[in-house]
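Here's the structure, in structure tokens; my notes come after.
Number of protein chains: 2
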Amino acid sequence: MARNYVQQIQDLPIGFQSSLDEILVGSSRTRSSNSLVTDSAAGATAFSCRIKTYNAAIAVADDKSPCGTVLEAAKLQRGMATGLVATSRITHATPAAFSAHVSHRDMEDLIAEYQIGNYSLGPVVDLMFGGGRCHFMPNTQANVSCRMDARDLWSEARAAGFHTLSTRKQFDDLESRSSAKKLPILGAFAPSHMAYEIDRDSASQPSLAEMADKALHILNSATKKKSAGFFLMIEGSRIDMAAHTNDPAAHLRDIVAYWDAVTVARKFVDEHPDTVLISVSDHETGGFSVAKQLTPEYPEYLWNPRALEHVRHSIEYISYKLLSPLAGDDQEARYKFVRDTVFADWLGIKDAKHEEIITAAQETDSTKLRQLLSTAISNRAQIGWATHGHSAVDVNLYAYGKDAHLLRGNHENTDIGKFIVNVLGLDLDSVSSKIKADRIAQGTQAVKETPFGSQDLDAPEHHLAAAH
Amino acid sequence: MARNYVQQIQDLPIGFQSSLDEILVGSSRTRSSNSLVTDSAAGATAFSCRIKTYNAAIAVADDKSPCGTVLEAAKLQRGMATGLVATSRITHATPAAFSAHVSHRDMEDLIAEYQIGNYSLGPVVDLMFGGGRCHFMPNTQANVSCRMDARDLWSEARAAGFHTLSTRKQFDDLESRSSAKKLPILGAFAPSHMAYEIDRDSASQPSLAEMADKALHILNSATKKKSAGFFLMIEGSRIDMAAHTNDPAAHLRDIVAYWDAVTVARKFVDEHPDTVLISVSDHETGGFSVAKQLTPEYPEYLWNPRALEHVRHSIEYISYKLLSPLAGDDQEARYKFVRDTVFADWLGIKDAKHEEIITAAQETDSTKLRQLLSTAISNRAQIGWATHGHSAVDVNLYAYGKDAHLLRGNHENTDIGKFIVNVLGLDLDSVSSKIKADRIAQGTQAVKETPFGSQDLDAPEHHLAAAH
Ligand SMILES: [Zn+2]
Ligand SMILES: [Zn+2]
Numbered sequence: 007m008a009r010n011y012v013q014q015i016q017d018l019p020i021g022f023q024s025s026l027d028e029i030l031v032g033s034s035r036t037r038s039s040n041s042l043v044t045d046s047a048a049g050a051t052a053f054s055c056r057i058k059t060y061n062a063a064i065a066v067a068d069d070k071s072p073c074g075t076v077l078e079a080a081k082l083q084r085g086m087a088t089g090l091v092a093t094s095r096i097t098h099a100t101p102a103a104f105s106a107h108v109s110h111r112d113m114e115d116l117i118a119e120y121q122i123g124n125y126s127l128g129p130v131v132d133l134m135f136g137g138g139r140c141h142f143m144p145n146t147q148a149n150v151s152c153r154m155d156a157r158d159l160w161s162e163a164r165a166a167g168f169h170t171l172s173t174r175k176q177f178d179d180l181e182s183r184s185s186a187k188k189l190p191i192l193g194a195f196a197p198s199h200m201a202y203e204i205d206r207d208s209a210s211q212p213s214l215a216e217m218a219d220k221a222l223h224i225l226n227s228a229t230k231k232k233s234a235g236f237f238l239m240i241e242g243s244r245i246d247m248a249a250h251t252n253d254p255a256a257h258l259r260d261i262v263a264y265w266d267a268v269t270v271a272r273k274f275v276d277e278h279p280d281t282v283l284i285s286v287s288d289h290e291t292g293g294f295s296v297a298k299q300l301t302p303e304y305p306e307y308l309w310n311p312r313a314l315e316h317v318r319h320s321i322e323y324i325s326y327k328l329l330s331p332l333a334g335d336d337q338e339a340r341y342k343f344v345r346d347t348v349f350a351d352w353l354g355i356k357d358a359k360h361e362e363i364i365t366a367a368q369e370t371d372s373t374k375l376r377q378l379l380s381t382a383i384s385n386r387a388q389i390g391w392a393t394h395g396h397s398a399v400d401v402n403l404y405a406y407g408k409d410a411h412l413l414r415g416n417h418e419n420t421d422i423g424k425f426i427v428n429v430l431g432l433d434l435d436s437v438s439s440k441i442k443a444d445r446i447a448q449g450t451q452a453v454k455e456t457p458f459g460s461q462d463l464d465a466p467e468h469h470l471a472a473a474h
Numbered sequence: 007m008a009r010n011y012v013q014q015i016q017d018l019p020i021g022f023q024s025s026l027d028e029i030l031v032g033s034s035r036t037r038s039s040n041s042l043v044t045d046s047a048a049g050a051t052a053f054s055c056r057i058k059t060y061n062a063a064i065a066v067a068d069d070k071s072p073c074g075t076v077l078e079a080a081k082l083q084r085g086m087a088t089g090l091v092a093t094s095r096i097t098h099a100t101p102a103a104f105s106a107h108v109s110h111r112d113m114e115d116l117i118a119e120y121q122i123g124n125y126s127l128g129p130v131v132d133l134m135f136g137g138g139r140c141h142f143m144p145n146t147q148a149n150v151s152c153r154m155d156a157r158d159l160w161s162e163a164r165a166a167g168f169h170t171l172s173t174r175k176q177f178d179d180l181e182s183r184s185s186a187k188k189l190p191i192l193g194a195f196a197p198s199h200m201a202y203e204i205d206r207d208s209a210s211q212p213s214l215a216e217m218a219d220k221a222l223h224i225l226n227s228a229t230k231k232k233s234a235g236f237f238l239m240i241e242g243s244r245i246d247m248a249a250h251t252n253d254p255a256a257h258l259r260d261i262v263a264y265w266d267a268v269t270v271a272r273k274f275v276d277e278h279p280d281t282v283l284i285s286v287s288d289h290e291t292g293g294f295s296v297a298k299q300l301t302p303e304y305p306e307y308l309w310n311p312r313a314l315e316h317v318r319h320s321i322e323y324i325s326y327k328l329l330s331p332l333a334g335d336d337q338e339a340r341y342k343f344v345r346d347t348v349f350a351d352w353l354g355i356k357d358a359k360h361e362e363i364i365t366a367a368q369e370t371d372s373t374k375l376r377q378l379l380s381t382a383i384s385n386r387a388q389i390g391w392a393t394h395g396h397s398a399v400d401v402n403l404y405a406y407g408k409d410a411h412l413l414r415g416n417h418e419n420t421d422i423g424k425f426i427v428n429v430l431g432l433d434l435d436s437v438s439s440k441i442k443a444d445r446i447a448q449g450t451q452a453v454k455e456t457p458f459g460s461q462d463l464d465a466p467e468h469h470l471a472a473a474h
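Sequence lines, in order, name chains A and B.
Our numbering puts the last residue of the first sequence at 474; the count rises by one with no breaks.
Our numbering puts the last residue of the second sequence at 474; the count rises by one with no breaks.
And the structure:
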């Protein structure tokens, strides 16, 4: 879908290959231990601990015992520098499964404690760039916290030696060579998730590619002298989230932003040929199809990339704006706002039907409003969705650099964890032994629903995020 | 989907790999010259002529000039034996694109003429196994013909030296070694398409694997002395058709039947290591998802293979039976027939709702009835569909044997044609020159709608097949 779009909109040759197309080596099978359809927690634990576990498990096995991760072992056994880059909250399932051990992904307050080293292993993550500052802030600071308690992990992190960052300026000021001395670094550039690429204000948040580039060079500088190397996990986290909302335009822009991060990482590999790059999804989201039949008659064979060209904001952003009091309660003004701003300016839909406009203007339920906006864009693009959840289909596996050929073919997702263990020469079981006494909270932690300001438009997702 | 099903129903280890999983090498990009979503004619022409052409084109370029195919060149330039095996009509788009040159796929009467050698090159296909006898029979034989004219191509084929077969017994009687002397062979085991695997009566029609096995060994025997080798195209044609009907159970069984054919072909390659096997789809069909959300609430992460386990017939078969007068017009008897035979026995659905039964019993429109049956199965399996047509997604590419590694990675479908040209050392342009004067019928041939008997349950598809 993204390749078709970029090729057509930029008028490139049909043979155009993305930075991923060029390094395809096979596919990954994604099922978890308790379902044919995985969630991101079990999916990431397959990579980090090379085991199948139950949906929602963060680096714990089926029996909830903690499993040592490749990140922890790389740090402890090889002296490697380690990093996590994500556009979600850094406490979200994927980065969490490399750096914490909890029985349920929703326990993000506890995950934050692990990430700053409050467990047997002490601090093992040298660098974190992402969103999710709210799980480090005490609940006494209502507008920036989503913690259930009053612990100030942000200050605790600083006390433990972390260099903390929360602004674009602080990010820009990090110079690669000298910053290596500042490790560990905790950079959280949004209270909750970072913005979708389509909504991102580049003056306030770095892109995924910028974070990836800086992380690669800081970690590389940090270990240059002792030649230990580094382990870095980079996630284009919101590709999945856009698909949960069935938002094809936000999905597309986050995919292309991810390609840019892959380009940055491939350049690093070219300059450091003893490096291996792996790119893989933990699962498919949305039951996505690059075709959608609109009428009962036999369908024409086409889809329409142009319908995504002039979309300016995510459905999440738009529905937030539409449901906020600011959008105006005067019916006529509201109708015009929906027609001229929402449909024409933000969705690039100039031919919205009266029925579409009036329904969107009157809808007060957030889920229904998003569905309605999704249908408006998806039907015009002829993009299909089967679910707001995940699906069981295999995902593409890409690899580049040293030993990449070993990943050719069709693999269980756990093979990717095994590959990392093998190429780095790690012993995960000995890490598991060290952490087996650590506190694994049982059951599901209550999640605080904090309505963030307009800078955190993803906030409505927060309390729905359990299964993502 | 098929792997999840087989693994779960047969209680195999999670790591179970199909005959295809083991030989995955990359992916194929499927767009045609005039659409992001290809049809099978343009898709097959990419393989046969290594060019992008317009949807519906059978081995002709955008300007409708004929393009020499790898099958023709293999025969003429390398003295190879050649074959086509399909479960569709042998005159259908995919086999046609290797053996005929017409401006529109619907011109199957003319395609049949090409296939028996009525053009500049004379007969180039040594062996054909499949369905589609009707396009070889004169329209004077109403029940077995779908030709517009009274030509008897079946007799013409025999006069031209073809050994013709139309029954399972004749197929079984073909012994590999002695049969090599009988080439060319035209075996058409059904008037139209052969049965879906789920409906197939093994006493009357061979399986795809049986046809593949016999074709491989006959063609191999035929060229053993001169070591010229052979080119064989084998299509599991009805995988696509089941997806057009959004019929997950028929789709599944035809996929597994295709795996069996791949197993047969891989065994041949193991015994003849100078052979290369390529397996690829021309496109995805149905906008298929291995997940379907059934309610507005956030979906559980699962799909249900068990719902496909007890399905006994294709939706095409069932809708044909339901719409035939034989099913009875007495309302109560009809209700019981739908409940006990259609839902319980044929679909394996014991919990059909009164509403489902009564709607199916009363529906007289074939398209609506199929949709209703598709929904009944697909919802219980939680399988999603976005269209009755094709989609633009990349498809998996598999290869095994000599030079298979050259196909690793992400490719345009035309690269697969180029690979065949290169490994066989062919010159397609010189073939194109030889056939450029051949009659390429312009425009769309009228297609005769012949209602076949119950042996040809796919007949309702026939006049809708234009875009498949
Ligand atoms: Zn998700
Ligand atoms: Zn088709």
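Just so it is clear, CB atoms sit at the ideal spot from N, CA and C, and this is done for glycine as well.
{"Check": "Span separating the alpha-carbon of G21 (chain B) from that of N149 (chain B)", "Outcome": "49 Å"}
{"Check": "Where D27 (chain A) meets chain B, residues with beta-carbon distance less than 7 Å", "Outcome": "N416"}
{"Check": "DSSP-derived helix/strand/coil call for F22 (chain B)", "Outcome": "coil"}
{"Check": "Chain A contact for T20 (chain B) (CB, 9 Å cutoff)", "Outcome": "Per the sequence shown, residue 20 (chain B) should be read as Ile rather than Thr. Taking Cβ atoms only, chain A reaches closer than 9 Å to I20 (chain B), which makes this a yes."}
{"Check": "Chain B contact for D276 (chain A) (CB, 9 Å cutoff)", "Outcome": "no"}
{"Check": "Proximal residues of chain A, C-beta to C-beta of H110 (chain B) below 7 Å", "Outcome": "Chain A residues near H110 (chain B): none, gap ~14 Å exceeds 7 Å."}
{"Check": "Sequence-distant residues of its chain with Cβ nearer than 8 Å to V31 (chain A) (five each side left out)", "Outcome": "L403, Y404, A405, A410, H411, L413, R414 and G415"}
{"Check": "Where K298 (chain A) meets chain B, residues with beta-carbon distance less than 8 Å", "Outcome": "G293, A392 and T393"}
{"Check": "Own chain residues within Cβ distance below 6 Å of F349 (chain B), not counting five before or after", "Outcome": "I355 and A358"}
{"Check": "Own chain partners of A472 (chain B) with C-beta closer than 6 Å, once the 5 adjacent residues on each side are dropped", "Outcome": "Unreliable placement is indicated for A472 (chain B), whose pLDDT of 36 sits below 50; the coordinate value is still reported in the next sentence. Closer than 6 Å at Cβ, skipping near neighbours: D112."}
{"Check": "Where the alpha helix (DSSP H) through V282 (chain A) begins and ends", "Outcome": "It is not in any alpha helix (DSSP H) - V282 (chain A) instead sits in the beta strand (DSSP E) that spans V282 to V286."}
{"Check": "Alpha helix (DSSP H) segments (min. 4 residues) lying fully within the segment 154-220 of chain B", "Outcome": "159-165, 174-178 and 182-185"}
{"Check": "Alpha carbon of F135 (chain A) to alpha carbon of A218 (chain A), nearest angstrom", "Outcome": "9 Å"}
{"Check": "R1 (chain A), buried or exposed, once every other Cβ within 10 Å from all chains shown has been counted against 16", "Outcome": "Within the shown structure, residues of chain A are numbered from 7 to 474, placing residue 1 (chain A) beyond reach of any answer."}
{"Check": "Coarse secondary structure for H411 (chain A), derived from DSSP in three states", "Outcome": "helix"}
{"Check": "Sheet register partners of S54 (chain A) (DSSP bridge)", "Outcome": "In DSSP, S54 (chain A) forms no bridge with anything."}
{"Check": "Where the beta strand (DSSP E) through I240 (chain B) begins and ends", "Outcome": "F236 to E241"}
{"Check": "Where T291 (chain A) falls, given that 16 or more other Cβ within 10 Å makes a residue buried", "Outcome": "buried"}
{"Check": "Cβ-heavy atom distance, A249 (chain B) to ligand 2, below 8 Å", "Outcome": "yes"}
{"Check": "Cα-Cα separation, S213 (chain B) to F237 (chain A)", "Outcome": "51 Å"}
{"Check": "Opening and closing residue of the beta strand (DSSP E) in which M134 (chain B) lies", "Outcome": "L133 to G137"}
{"Check": "CB contact flag (A398 (chain B), V296 (chain A), <9 Å)", "Outcome": "yes"}
{"Check": "Integer Cβ distance of W309 (chain B) from L42 (chain A), believed to fall under 8 Å", "Outcome": "6 Å"}
{"Check": "D45 (chain A) Cβ short of 8 Å to ligand 1 heavy atom set", "Outcome": "yes"}
{"Check": "Cross-chain neighbours of Q23 (chain A) in chain B, by beta carbon under 8 Å", "Outcome": "N416"}
{"Check": "Buried versus exposed, by CB contacts within 10 Å (16 or more), I15 (chain A)", "Outcome": "exposed"}
{"Check": "D205 (chain A) versus A:S38, A:C73, A:D433 and A:H257, residue with shortest Cα-Cα distance", "Outcome": "A:H257"}
{"Check": "Residue interval of the alpha helix (DSSP H) (run including L378 (chain B))", "Outcome": "S372 to A387"}
{"Check": "Cβ pair P190 (chain B), R139 (chain B) closer than 9 Å", "Outcome": "no"}
{"Check": "Below-9 Å beta-carbon distance, P305 (chain B) vs any chain A residue", "Outcome": "yes"}
{"Check": "Under 9 Å between C-beta atoms of K220 (chain B) and S185 (chain B)", "Outcome": "yes"}
{"Check": "Assigned secondary structure, N416 (chain B) (DSSP; H/G/I helix, E/B strand, else coil)", "Outcome": "strand"}
{"Check": "Min CB distance K232 (chain B) to chain A below 9 Å", "Outcome": "no"}
{"Check": "Beta-carbon spacing of L133 (chain B), T100 (chain B) below 9 Å", "Outcome": "no"}
{"Check": "Near ligand 2: H477 (chain A) beta-carbon under 8 Å from a heavy atom", "Outcome": "Outside the shown range of chain A, which is 7 to 474, sits residue 477 (chain A), and nothing can be said about it."}
{"Check": "Exposure label - L18 (chain B); buried when at least 16 CB within 10 Å", "Outcome": "exposed"}
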